[in-house]
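Numbers given in the working numbering equal positions in the sequence shown, counted from 1, plus 54.
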Amino acid sequence: MNGVGKRQTIIRGDINAKSPQWGEPKTNNKGEHWQEWIPTLHMVVLNDGKEPTFVRSVTKPHIDVILSTNRSAKRIVNWRVMDEDSLTMITSTYPLTLEKAEGI
């Protein structure tokens, strides 16, 4: 993934990692590794931690992330995890919306 930071890139990851950076109160081992790796890719976490990215019975963790290069992050406004069931959730993805920032 060399040179990712120079491109307009968005990565959606079903990473099962916990970190306060994307809304979990505590960090697990996977979260620690991701927290170290993300800056080396010159990427930022877009999750704001307001909505869980996975819902199963009583658990609602924030274990999936959306990463973006700084260049792409400037072009994204009002993205969110949608609060609705979707057929895509069966395939371990979750619906989200992206809007292009004005003037870009």
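For each residue, glycine too, the CB sits at the ideal point set by N, CA and C.
The Cβ neighbour count for S73, taken over all protein chains shown within 10 Å, is at least 16; the residue is labelled buried.
At a cut-off of 4 residues, the continuous stretches assigned as alpha helix (DSSP H) that sit fully inside the region 72-133 are 83-94 and 124-127. Its chain contains I69, A71 and S73 as the residues whose beta carbon lies nearer than 7 Å to that of W88, once the 5 sequence neighbours on both sides are disregarded; these appear in chain order. Among the bridge pairs identified by DSSP, I64 is matched with S122. The C-beta of S111 has fewer than 16 other C-beta atoms within 10 Å across all chains shown, which makes the residue exposed. Put simply, the backbone Cα of D102 is about 14 Å away from that of R66. Apart from sequence neighbours up to five positions away, the residues of its chain that approach S126 with a beta-carbon distance below 7 Å are Q62, T63 and I64, ordered along the chain.
Between V99 and W76, the CB-CB gap stays under 7 Å. F108 and I117 have their alpha carbons spaced roughly 7 Å apart.
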